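Asker: This note's numbering puts the first residue of the sequence shown at 1046, with every later residue one more than the last.
Structure below; questions to follow.
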Amino acid sequence: SGNLATNSCGINVGGNFSYSGSGNITTTQINANGNFTDSGSGSITASGSILYHGTYSRTGSGRVSPAPTPGATSVTDPFSSFTAPTVGTCDHTNYSYGGSSSTSILPGVYCGGISISGSGPVSFGTGTYILLGGGFRYSGSGNISGTNVMFYNTGDATHTIAPVKLTGSGNMNFSAPSSGTYQGILFFQDRTETYAGANQITGSGNVSSGTFYFPTTELDYSGSGNAAYQALVANVVKITGSGNLTNDTTGQYTGFIKTSLAMIQ
């Protein structure tokens, strides 16, 4: 039921665009290179055009303006030229923290992933965290934070890649690298891998900045908090909740150094 407003940018979808909510969508443009399906009761309003490539179906009661028309263009991966980090030998295996006191962890190769379930705050040192199998699971109530960090989610023959599931009730306050090769990239999923489960970002305390990049998998994004500068790039993007994302007008926080549409599916 929350409103989705991208008033200084558009919504670019590489596949189908499906809307079934009661909140209003306000944007500059919608470009759906697939079917456009509207079954919601809220309004969809664009200051520019609403374009689709496949078919247009509308059974909802909300207003759509302007009328959708054919002519959508294809969508390219804005980070396809980024090279993956080098994966070394294991520094940690099946790392897990469930305590109530504060702790800190350092960059490295985490074979079996990272699991945080406690009430104590966890701080991440500056650098790159290689999640070699197991993904990243946060279900605790303690705050997690880190400055100039990037998480690379991958796997190999003995370490099966798994989704990133950040569903805890504490605050999540990460910032992506502010310069260098991976400027603006907070989560980087290996584009040669795929998995069935969805990546999940939930909660009201998500104030992280950076791009969530999951080029071959699904990203489910929900919550009621007001996030910092963020961009969502995934094979499938599902957004629920009433939270707000802040537009990164310069691209320095999300890696979109050149002006680009902000939500890419």
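The C-beta atom is built at its ideal place from N, Cα and C for all residues, glycine as well.
These figures come from a predicted structure and were not determined experimentally.
1) Do you know whose CA, among Gly1215, Asn1057, Phe1196, lies nearest Ile1230's CA?
2) With DSSP as the reference, label Ile1056 as helix, strand or coil.
3) What does the alpha-carbon distance come out to for the pair Ala1112 and Ile1095?
4) Using CA atoms only, rank isn't needed, just tell me which of Gly1255, Asp1235, Gly1242 is closest to Gly1385.
5) If Ala1273 sits next to Ser1253, beta carbons under 8 Å apart, how far is it from one beta carbon to the other, in whole angstroms?
6) Once the 5 residues before and after Gly1099 are set aside, which same chain residues still bring their CB inside 6 Å of it?
7) Tell me whether Arg1108 is buried or exposed, calling it buried when 16 or more other Cβ atoms sit within 10 Å of its Cβ.
8) Which parts of the segment 1061 to 1090 are runs of the beta strand (DSSP E), unbroken and 3 residues or longer, counting only runs that do not cross its ends?
9) Would you kindly report the start and end of the unbroken beta strand (DSSP E) that includes Val1167?
10) Please classify Leu1151 as buried or exposed, where buried requires at least 16 other C-beta atoms within 10 Å of its C-beta.
11) Could you spell out the range, first to last residue, of the beta strand (DSSP E) harbouring Tyr1142?
12) Assuming Gly1270 and Ser1249 are in contact, meaning their beta carbons sit under 8 Å apart, how far apart are those beta carbons, in whole angstroms?
13) When burial is assigned at 16 or more other CB atoms within 10 Å of the CB, is Gly1172 buried or exposed?
14) For the segment 1129 to 1140 against the segment 1158 to 1175, are there 3 or more C-beta pairs whose distance is under 8 Å?
15) Thr1051 to Ser1067, Cα distance in whole Å?
16) Run through DSSP, which three-state label would Tyr1349 get?
17) Secondary structure at Ala1050, three-state DSSP: helix, strand or coil?
18) Starting from the Cα of Thr1226, find the closest Cα among Phe1124, Ala1241, Thr1073, Thr1294 and give me that residue.
19) If distances are taken between C-alpha atoms only, which option among Thr1261, Gly1059, Thr1203 comes closest to Ala1241?
20) Looking only at C-alpha atoms, which of Ser1186, Ser1146, Thr1121, Asn1198 sits nearest to Ile1159?
21) Compute the Euclidean distance between the alpha carbons of Met1217 and Val1278, then round it to the nearest angstrom.
22) Give the range of the beta strand (DSSP E) segment to which Asn1193 is assigned.
23) Do you know whose CA, among Ser1092, Ser1088, Gly1093, Pro1115, lies nearest Tyr1101's CA?
24) How many angstroms separate the CA atom of Cys1054 from the CA atom of Ser1063?
25) So the beta strand (DSSP E) Ala1273 belongs to, where does it begin and stop?
26) Would you identify the three-state DSSP class for Tyr1298, choosing helix, strand or coil?
27) What are the start and end residues of the beta strand (DSSP E) that includes Asn1292?
28) Count the other CB atoms within 10 Å of the CB of Gly1143; is the residue buried (16 or more) or exposed (fewer)?
Answerer: Working from what's here:
1) Phe1196
2) strand
3) 7 Å
4) With the chain covering 1046 to 1310 only, the question about residue 1385 has no answer from this structure.
5) 6 Å
6) Gly1079, Asn1080
7) exposed
8) 1062 to 1064, 1070 to 1072, 1075 to 1077, 1081 to 1083
9) 1167 to 1169
10) exposed
11) 1137 to 1142
12) 4 Å
13) exposed
14) yes
15) 17 Å
16) Past the edges of the chain, shown from 1046 to 1310, lies residue 1349, and the structure says nothing about it.
17) strand
18) Phe1124
19) Thr1261
20) Asn1198
21) 19 Å
22) Note, Asn1193: premise wrong, no beta strand (DSSP E); not H, not E.
23) Pro1115
24) 19 Å
25) 1271 to 1284
26) coil
27) Segment: none, Asn1292 is in no beta strand (DSSP E) and carries neither H nor E.
28) exposed
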